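Residue numbers (UniProt numbering), protein chains in the order written: chain A, 1 to 287; chain B, 1 to 280.
Cβ coordinates follow ideal geometry from the N, Cα and C atoms, glycine included.
As the structure is a computational prediction, the values presented were derived from the model and not from experiment.
Okay, so here's the structure we're looking at.
Right, here's the structure in full:
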């Protein structure tokens with residue numbers, strides 16, 4: 001084989017891989033350098049940590065940070081917790097199981113903003129839920145449920161959109177668990193919960209972690225659900241970043257860059273910590 | 001006794017299905033039905049509490065949105081962008097997907113992992129600092145900026161889908177065609193293309209849908225005057241919540257994409273080489 005032949009696969013990688021690597025390193029590089037004062041669009045550029053000081057001493061920033069972390073944690077755990085029973089139920093095909101699994105996956109095809117609109121429309125003052133509650137005599141007058149202060153709406157939307165996604169990731173591995181293993185566990189006296197904890201979860205751990213990580217990252221960076229259905233008194237990190245960038249004429253870019261770096265950190269370390277924690281818990285209780 | 005058992009079995013298998021259909025109705029069918037109703041509320045007869053159903057239904061709202069809002073322009077922008085993005089993404093993805101699907105080389109697994117990085121980037125972080133880069137490099141065309149951003153962030157999907165298609169092409173068919181004296185072009189036409197075609201079309205459609213639906217880059221780079229369908233929907237959901245308009249645009253955004261997705265899914269299912277070559 002000639003030397004040029006062995007280079008060929010790498011040359012073929014260039015058109016696809018190079019734009020991705022260039023884009024990602026330029027975008028992340030831009031955020032990192034603007035956060036420490038380089039590449040300013042107005043005024044002098046130069047190394048400075050004052051933007052980090054300003055943002056990290058801002059109470060609003062930390063409220064947004066922990067709020068996004070909380071939403072990401074609840075959304076990923078709830079989506080996965082709901083996806084498991086469904087994936088287990090559909091493990092063996094039965095009459096109508098194809099239809100059910102197609103219906104479960106339907107929300108994946110619905111745009112996030114459309115989902116947010118459908119939800120707000122459903123729970124609004126004039127919405128179906130209120131009309132039903134009034135007609136059933138459960139309440140005297142419609143209740144105001146939009147933009148609830150506990151962000152229940154945002155978590156409902158996240159789970160609505162992400163549960164099918166978790167189902168999609170988990171369904172293959174759950175199906176791959178052999179009946180003989182589950183039968184053996186049953187014969188040894190394991191109840192449904194013990195089988196889940198000691199057989200099913202450990203055997204599908206990698207996919208479980210993948211689902212948690214992907215949903216966590218998506219929910220931590222959420223903008224649309226929060227701005228349409230979220231509490232009006234709070235910002236998600238992405239929303240706060242966009243606001244700071246647009247409002248603060250002078251240092252908007254630099255401070256938004258600090259928030260961006262923190263958001264990337266939350267996505268990366270938050271999701272990794274969650275995945276590690278799940279693994280640790282399973283190892284400990286699985287013994 | 002046997003009948004009793006089969007009845008119990010029926011309850012056991014049917015009950016969850018009924019339950020699932022009920023949940024589906026509440027979380028998907030009803031909200032969509034509400035959206036359809038809201039889009040048909042006649043502008044001169046508002047639907048207000050305590051009326052359970054809208055007093056008058058008409059298509060006037062649809063006509064009004066079409067003639068007075070920026071929707072026609074947004075639709076043109078979205079679809080033109082999506083067409084540009086799907087073609088450019090596919091062209092860039094093809095060589096890489098070929099390498100992943102048909103060649104073995106050291107570092108392949110790492111390279112495959114690297115192509116997935118954009119999926120882990122929060123959308124608005126990417127959008128904001130991509131827009132900073134566009135300013136820095138002097139790219140002021142909104143269309144070019146958004147098209148460039150979409151092309152890069154959807155490359156992972158196209159590469160993955162096409163790698164699978166390339167991997168499905170059967171080497172024995174290529175060898176057989178070659179042994180029978182076919183030219184490289186004929187080999188490609190008879191052994192590769194038939195297997196590759198459904199995957200190509202599916203990737204084209206999926207990137208097209210992803211581009212139409214993308215919000216972060218379109219919103220940040222396009223602001224304030226370049227609108228796409230999602231950004232126009234967002235404007236009706238924000239401070240001035242205009243419910244009938246949002247309902248109509250939601251339907252315009254969802255219905256064509258669901259239809260396209262069903263076509264893509266059918267194409268991907270038909271991509272099994274056994275069904276094309278008739279060989280197992």
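Item to complete: Give a yes or no on whether 8 Å exceeds the smallest Cβ distance from residue 257(B) to chain A.
Response: Yes, its Cβ sits closer than 8 Å to a Cβ of chain A.
Discussion item. Give me the chain A residues within the contact set of residue 284(B), using Cβ-Cβ distance strictly less than 7 Å, ordered along the chain.
Written reply: Given a span of 1 to 280 for chain B in the structure shown, any question on residue 284(B) remains unanswerable.
Discussion item. Tell me the rounded alpha-carbon separation between residue 211(A) and residue 83(A).
Written reply: 10 Å
Item to complete: Would you verify that the beta carbon of residue 231(A) is, or is not, closer than 8 Å to some beta carbon of chain B?
Response: For residue 231(A), the answer is no, since every Cβ of chain B falls outside 8 Å of its Cβ.
Item to complete: Note down, in chain order, every chain B residue with its Cβ under 8 Å from the Cβ of residue 20(A).
Response: 114, 115, 117, 118, 152, 155 and 156
Worksheet item: Who are the neighbours of residue 111(A) on chain B, taking C-beta pairs under 7 Å?
Response: 213, 230, 253 and 254
Item to complete: Within the same chain, show all residues whose beta-carbon is closer than 8 Å to that of residue 234(B), passing over the 5 residues directly before and after it, in chain order.
Response: Contacts found: 215 and 219.
Discussion item. Give the list of continuous beta strand (DSSP E) stretches no shorter than 3 residues that lie fully inside the segment 195-225 of chain A.
Written reply: For the segment 195-225 of chain A, not a single whole beta strand (DSSP E) run of length 3 or above is found.
Worksheet item: Does DSSP put residue 49(A) in a helix, a strand or coil?
Response: coil
Discussion item. Would you say the beta carbon of residue 191(A) is closer than 7 Å to some non-hydrogen atom of the ligand MG?
Written reply: Absence of the ligand MG is noted for the structure shown, with no ligands found whatsoever.
Worksheet item: For the segment 132-179 of chain A, which segments carrying the beta strand (DSSP E) assignment without a break, of at least 3 residues, lie completely within its bounds, in sequence order?
Response: none
Worksheet item: Any idea what DSSP makes of residue 196(B), helix, strand or coil?
Response: helix
Discussion item. Measuring only the C-alpha atoms, how far is residue 24(A) from residue 169(A)?
Written reply: 25 Å
Worksheet item: Within 10 angstroms of its Cβ, does residue 18(B) collect 16 or more other Cβ (buried), or is it exposed?
Response: exposed
Discussion item. Ignoring anything shorter than 4 residues, give me the alpha helix (DSSP H) runs that lie fully in the segment 13-94 of chain B, in order along the chain.
Written reply: 30-39 and 60-68
Fill in: Residues of the segment 237-269 of chain A whose Cβ lies closer than 7 Å to any Cβ of chain B, in chain order
When CB distances to chain B are screened at a threshold of 7 Å, the residues of the segment 237-269 of chain A falling below it are 238, 241, 242, 245, 253, 256, 260, 263, 264 and 267, in chain order.
Discussion item. Would you say residue 216(A) lies against chain B (beta-carbon separation less than 8 Å)?
Written reply: no
Worksheet item: On the three-state DSSP scale, how would you describe residue 57(A)?
Response: coil
Discussion item. Distance cutoff 8 Å, beta carbons only. Does residue 28(B) sit that close to anything in chain A?
Written reply: yes
Worksheet entry | Neighbourhood of residue 229(B) by C-beta, 7 Å cutoff - its chain only, sequence neighbours within 5 removed | Around residue 229(B): 74, 75, 78, 212, 249, 252 and 253.
Worksheet item: Does any C-beta atom of chain B lie closer than 8 Å to the C-beta of residue 45(A)?
Response: no
Worksheet item: Among 86(B), 199(B), 134(B) and 181(B), which residue has its Cα nearest to the Cα of residue 166(B)?
Response: 199(B)
Practice prompt. Could you work out which residues of chain B lie near residue 160(A), taking near to mean beta carbons separated by less than 7 Å?
Written response: 27
Worksheet item: Curious, which full-length alpha helix (DSSP H) runs of at least 4 residues does the segment 83-125 of chain A contain?
Response: 97-105 and 112-123
Item to complete: Locate the alpha helix (DSSP H) running through residue 179(B), then write down its first and last residues.
Response: For residue 179(B), the uninterrupted alpha helix (DSSP H) run begins and ends at 171-179, by DSSP.
Discussion item. Within 8 Å, do at least three Cβ pairs link the segment 8-23 of chain A to the segment 99-113 of chain B?
Written reply: yes
Worksheet item: So, are the CB atoms of residue 86(B) and residue 207(B) less than 8 Å apart?
Response: With respect to residue 207(B), residue 86(B) sits close: the two C-beta atoms are nearer than 8 Å.
Item to complete: Give every residue of the same chain whose Cβ lies closer than 6 Å to the Cβ of residue 276(A), excluding the five residues on either side of it in the sequence, and list them in chain order.
Response: none
Worksheet entry | Beta-carbon neighbours of residue 89(A), restricted to chain B and to distances below 7 Å | 16
Worksheet item: Since residue 125(B) contacts residue 264(A) with CB under 8 Å, what's their CB separation in whole angstroms?
Response: 6 Å
Worksheet item: Thinking just about the alpha-carbon of each residue, which of 226(A), 214(A) and 202(A) is nearest to the one in residue 281(A)?
Response: 202(A)
Worksheet item: Going by beta carbon distance, what residues of the same chain come within less than 7 Å of residue 285(A), once the five residues before and after it are set aside?
Response: By the criterion of a C-beta distance shorter than 7 Å, residue 285(A) is surrounded in its chain by 197, once the five residues flanking it on both sides are discounted.
Worksheet item: Between the C-alpha atoms of residue 165(A) and residue 105(A), what's the straight-line distance to the nearest angstrom?
Response: 7 Å
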